[in-house]
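Shown next, in structure tokens, is the structure this report addresses.
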Amino acid sequence: MYVYCRLDLFAVISLLMYTTRPFRCPPPPPPPPPPPPPPSKKKKKKKKKKKKKKKKKKKKKKKKKKKKKKKKKKKKEKKKWGGKKKKKRKKKKKKKKKKKG
């Protein structure tokens, strides 16, 4: 019985040796590859609006009005008879007042 038991143990050990791999630490899983960097977006440069230059208006030169020369009236010959004629006075026009309401 003693021998039988020893053989049995030997058989069990040999079976284990064949069926199982020698115990080793499992290889550490490879580190995950770093995620690829996101495609760099180039910042769009804001176009600066060009300020429109205000055109300076050229001042128009005022034309000087030429003064008309007054023609000298020829003196009428005085009539030998009849006195001086009175000048007629111009009547001033009255301004009409606008009615309110």
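For the sequence shown, the residue numbers in mature numbering (1 follows the signal peptide of the UniProt record, and there is no 0) are -22 to -1, 1 to 79. For every residue, glycine included, the Cβ atom is placed at its ideal position computed from N, Cα and C. What you are looking at is a predicted structure, and each value in this text was computed from that prediction instead of being measured.
In whole angstroms, what separates the C-alpha of residue i from that of residue j?
i	j	result
residue 98	residue -6	The structure shown does not extend to residue 98, since the chain spans only -22 to 79, so no value can be given for it.
residue -12	residue 16	60 Å
residue 71	residue 32	50 Å
residue 66	residue 49	23 Å
residue 34	residue 41	21 Å
residue 18	residue 25	21 Å
residue 36	residue 30	18 Å
residue 68	residue 74	18 Å
Nearest to residue i by CA position, among the options, is which residue?
i	options	result
residue 63	70, 46, 54, 76	54
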